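Residue numbers (the working numbering), protein chains in the order written: chain A, 11 to 350; chain B, 11 to 350.
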DNA sequence: GCCGTCCGCGAGAGCGCTCTCACCGAGTGT
DNA sequence: ACACTCGGTGAGAGCGCTCTCGCGGACGGC
């Protein structure tokens, strides 16, 4: 890691432009209160010297870092097999970039990492944190809130006690699930089943609730546990067919699960959608479009979720009247393809 | 973005421990040259006050940042549909974490972003950069090298001129391709085809070269262009079947392509592997294991690639004798499943 | 027992920036 | 003509840290 060439300082620019350091600083930071000819001269000097402000020096005095931590707890590889996270990251990145903020990525696995992340955030290296709290029992949110860093969560956090005023962005999992199930019912299906996601995640819980909202008791026995993976979907679908051979529709907690279910249905000789209609959730394109038949599913605007999280973090203070309910829930839309 | 509570400074710790700032600094940075009882006292003071060093102040004088930029050029969404990038990121993250470095993620799309990234890197905010240079004509590598930041590339960069002493980590794409094709030949196949990847990426070029190494002229007319996507794989497979109906084996440039090809083969009533054997590349688990039949493919240790990139960046200077060839190529292994 | 050595520690400068404050000159009101 | 304001500029302090340097005390050699 060789040292780079010495970079020009404010001082150097000031000398070149024949003004004081203070003036250069003003120009660099927007140029308010400096007369035009001077601004011009300073700009040129900056240009000629290739001056770039030293962020460390600036942070030292402003106590701002123009950097935001993105914390992703990913105990399993699941997060990564999943375009979900990547899309969200992209939304976040765009928004941060638009506001000249940097994205510091913190991946955690295991308990030790939690401490590390907690320490880092408490260290005041970043102006805020965007946290994906994937599991109900995750200690991370608590740690982070204790660190006193402004935080926005991705997905409704799963705890109910202790932490208040938590800001989060989520999809309307429950409403989307309702739409999906209603669609199936509207198709005339009467034996509608649900393969759940991993129920230690609120998204899975909420989708299950949406299913129950529509099906009520009628759906009670048609709920099978899955885990958001294709393998889980296969397992659940087998169990379902064994237990209730007359099932004529399946609402799967996500597209991967649906893909697994589809495979089992084909294997067992059921036609989709004629015999069994199938709906997924997420609208992960590479999956949903490539299944056979293409998957009807519930779309959420994942990238927008990311962007919104970032926006909330950066501007949250100003825009939010105090006492505003802190969760933002984005709508979902049903995307009709061939499977239902 | 509320201000956090005022954090204790070195001065405060020094006062509490009854020593000088310098001594506390020494202890915090490893404690060499400080006698045990003092070290103990300082440690306790640090503990009690919850002192965390101010990274900005430290960077200001040391000119180190303990931060590394990861630059991902992702003009298309492709990168993100792809666990590849995520796995590599994970390897990088692990290695960086192990050395107390932070990961600053820079996603770029489009030309303007290039300038932005160039400026950022030139600004000396990070100690080094890990760059995924996906396309042959990417201007980013040039920009970065000009910025004078130590850099390691992911994947062999595609240019041949201008830039020297480029450090990169890559898989043995060519060798892996050779293994795959040899395996097909060993199976007794004589009409072995290749569906290429996007040929503006070196990985695709190298895999094609590997194919040619084994097949020579015999394979000339059995090469079809793909683009690393399932749709591209389908298109190419159709073209291939139309042009050479007697094809009995396909080496696809990656698993996604192979998945597309498999679909077309099924659609056209060819049995895999009986009529046509198929091999992919990458061993992306969610894909390779879920295809029908499960895909024989070439595995690369993607996470290890990431880890190695980080290691090279952090320790490159010390370990590398000057003049060492700068590319590190990781081996691949053929994973036999059912498709070939 | 004296001088030279060496180790442990503290004093102080300074990293590059922002920001407050004082200053200065040009305009305004009387 | 005078004081008075006010916007534009410069001087200077100081953010929290590291690092060099110099001082003092313990220790070994003669």
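Quick reminder that beta carbons are idealized off the backbone N, C-alpha and C, glycines included. Model, not experiment: these values are computed from the prediction.
For a test of the three-state rule: what should DSSP assign to residue 35 of chain A, helix, strand or coil?
The residue labelled residue 35 of chain A in the question sits at position 25 within the first chain. Three-state result, residue 35 of chain A: helix.
Within 8 Å of any Cβ in chain A, is that where the Cβ of residue 135 of chain B sits?
Start at 1 with the first residue of the second chain, and residue 135 of chain B comes out as number 125. So, interface residue.
Could you check where the alpha helix (DSSP H) with residue 107 of chain A kicks off and where it finishes?
Taking the first residue of the first chain as 1, we reach residue 107 of chain A at position 97. Unbroken alpha helix (DSSP H) run through residue 107 of chain A: 93-108.
For residue 248 of chain B, would you say it is in contact with chain A, using Cβ-to-Cβ distances shorter than 8 Å as the test?
Taking the first residue of the second chain as 1, we reach residue 248 of chain B at position 238. No, because no Cβ of chain A sits closer than 8 Å to the Cβ of residue 248 of chain B.
Quick one: residues in its chain with C-beta nearer than 6 Å to the C-beta of residue 343 of chain B, no 5 flanking neighbours on either side, listed in chain order?
Taking the first residue of the second chain as position 1, residue 343 of chain B is located at position 333. Cβ neighbours of residue 343 of chain B beyond the five flanking positions: 309.
Three-state class that DSSP yields for residue 238 of chain B in the structure shown:
Position 228 of the second chain, counted from the first residue, corresponds to residue 238 of chain B. In this structure, residue 238 of chain B counts as coil in the three-state DSSP scheme.
Interface flag, residue 343 of chain A vs chain B, CB-CB below 8 Å:
Residue 343 of chain A sits at position 333 when you count from the first residue of the first chain. Output row for residue 343 of chain A: interface = no.
Excluding the 5 residues flanking residue 124 of chain B on each side, which residues of the same chain have their C-beta closer than 7 Å to its C-beta?
Translated into the one-based positions of the second chain, residue 124 of chain B becomes position 114. Excluding sequence neighbours, residue 124 of chain B sits near 118, 149, 150, 153.
Could one say the Cβ of residue 100 of chain B lies closer than 8 Å to chain A's Cβ atoms, at least one of them?
Within the second chain, numbered from 1, the residue matching residue 100 of chain B stands at position 90. Closer than 8 Å to some Cβ of chain A, the Cβ of residue 100 of chain B qualifies, so yes.
Range covered by the alpha helix (DSSP H) that runs through residue 130 of chain B:
Start at 1 with the first residue of the second chain, and residue 130 of chain B comes out as number 120. That run of the alpha helix (DSSP H) goes 121-132.
Count the CB pairs spanning the stretch 178-197 of chain B and the stretch 208-228 of chain B that are closer than 8 Å, and state whether there are at least three.
yes
So residue 114 of chain A contacts chain B; which residues on that side make the cut at Cβ distance below 8 Å?
Translated into positions along the first chain, residue 114 of chain A becomes position 104. Per Cβ cutoff of 8 Å: 77, 112, 113, 114, 115.
Of the choices B:293, B:159, B:241, B:266, whose alpha-carbon is the least far from that of residue 74 of chain B?
By 1-based counting over the second chain, the position of residue 74 of chain B is 64. Residue B:159 is the option with its Cα nearest to residue 74 of chain B.
Can you name the residues of chain A whose CB is closer than 8 Å to the CB of residue 240 of chain B?
Within the second chain, numbered from 1, the residue matching residue 240 of chain B stands at position 230. Near residue 240 of chain B (Cβ distances below 8 Å), the residues of chain A are 296, 300.
Own chain, CB closer than 8 Å to residue 4 of chain A, minus 5 neighbours either side, in chain order:
Chain A is shown from 11 up to 350; residue 4 of chain A falls before or after that span and cannot be answered.
Ends of the beta strand (DSSP E) at residue 309 of chain A?
The sequence position of residue 309 of chain A within the first chain is 299, counting from 1. Counting along the chain, the beta strand (DSSP E) containing residue 309 of chain A begins and ends at 306-310.
Residue 80 of chain B versus residue 110 of chain B: straight-line alpha-carbon distance, rounded
The sequence position of residue 80 of chain B within the second chain is 70, counting from 1. The sequence position of residue 110 of chain B within the second chain is 100, counting from 1. If you take the alpha carbons of residue 80 of chain B and residue 110 of chain B, they lie about 15 Å apart.
Does any heavy atom of the ligand ADP sit closer than 7 Å to the C-beta of residue 142 of chain B?
The model depicted lacks the ligand ADP and carries no ligand whatsoever.
Tell me which same chain residues have a C-beta within less than 7 Å of the C-beta of residue 273 of chain A, skipping the five on either side of it?
Locating residue 273 of chain A in the first chain gives position 263, counting from the first residue. Correct list, in chain order: 244.
In angstroms, rounded to a whole number, what distance separates the CA positions of residue 196 of chain B and residue 247 of chain B?
Mapped onto the second chain, residue 196 of chain B falls at position 186. Mapped onto the second chain, residue 247 of chain B falls at position 237. Distance between the alpha carbons of residue 196 of chain B and residue 247 of chain B is about 22 Å.
Among the residues of its own chain, which have a CB less than 8 Å from the CB of residue 20 of chain B, if the five just before and after it don't count?
Position 10 of the second chain, counted from the first residue, corresponds to residue 20 of chain B. Taken in chain order, the residues that qualify are 31, 34, 35, 38, 61, 63.
Verify whether the separation of the beta carbon atoms of residue 282 of chain B and residue 303 of chain B is less than 8 Å.
Taking the second chain and counting its residues from 1, one reaches residue 282 of chain B at position 272. Taking the second chain and counting its residues from 1, one reaches residue 303 of chain B at position 293. Cβ distance < 8 Å, so residue 282 of chain B and residue 303 of chain B count as in contact.
Neighbour flag for residue 121 of chain B against chain A, beta carbons, 8 Å
What you label residue 121 of chain B is simply residue 111 of the second chain in a count that begins at 1. Closer than 8 Å: no.
Please name the residue or residues paired with residue 289 of chain B in a DSSP beta bridge.
Within the second chain, numbered from 1, the residue matching residue 289 of chain B stands at position 279. According to DSSP, which records beta bridges pairwise, residue 289 of chain B is partnered with B:261, B:306.
Same chain, Cβ closer than 8 Å to residue 94 of chain A, neighbours up to 5 away in sequence not counted:
Walking along the first chain from the start, residue 94 of chain A turns up at place 84. Once the five neighbours on either side are set aside, the close Cβ partners of residue 94 of chain A are 292, 294, 312.
Contacts around residue 341 of chain B, its chain only, beta-carbon distance under 6 Å, and the 5 residues preceding and following it disregarded
Taking the second chain and counting its residues from 1, one reaches residue 341 of chain B at position 331. These residues qualify, in order along the chain: 182.
Helix, strand or coil at residue 267 of chain A according to DSSP, with G and I counted as helix:
Indexing the first chain from 1 puts residue 267 of chain A at position 257. Correct three-state label for residue 267 of chain A: helix.
List the endpoints of the continuous alpha helix (DSSP H) containing residue 20 of chain A.
As a position in the first chain, residue 20 of chain A is number 10, starting the count at 1. Segment 20-27, the alpha helix (DSSP H) holding residue 20 of chain A.
Looking at the strands, I want to know which residues DSSP matches up with residue 142 of chain B.
Taking the first residue of the second chain as position 1, residue 142 of chain B is located at position 132. In DSSP, residue 142 of chain B forms a bridge with B:82, B:164.
Quick check on residue 158 of chain A: does DSSP put it in helix, strand or coil?
Translated into positions along the first chain, residue 158 of chain A becomes position 148. If DSSP states are grouped into helix, strand and coil, residue 158 of chain A belongs with coil.
Give a yes or no on whether the minimum CB-CB distance between residue 14 of chain A and chain B is below 8 Å.
Start at 1 with the first residue of the first chain, and residue 14 of chain A comes out as number 4. At residue 14 of chain A, the pLDDT of 49 sits below 50, so the modelled position is not reliable and the matter cannot be decided from this model.
Please list the terminal residues of the continuous beta strand (DSSP E) segment that includes residue 180 of chain A.
Here residue 180 of chain A refers to the residue found at position 170 of the first chain. Note, residue 180 of chain A: beta strand (DSSP E), 177-181.
From residue 143 of chain A to residue 314 of chain B, what does the alpha carbon distance come to, in whole angstroms?
As a working mapping, residue 143 of chain A is identified with position 133 in the first chain. As a working mapping, residue 314 of chain B is identified with position 304 in the second chain. For residue 143 of chain A and residue 314 of chain B, the distance between alpha carbons rounds to 26 Å.
Would you mind reading off the limits of the alpha helix (DSSP H) that contains residue 65 of chain B?
As a position in the second chain, residue 65 of chain B is number 55, starting the count at 1. Run containing residue 65 of chain B: 65-72, per the alpha helix (DSSP H) assignment.
State yes or no: is the C-beta of residue 268 of chain B within less than 8 Å of the C-beta of residue 232 of chain B?
The residue labelled residue 268 of chain B in the question sits at position 258 within the second chain. The residue labelled residue 232 of chain B in the question sits at position 222 within the second chain. Contact: no.
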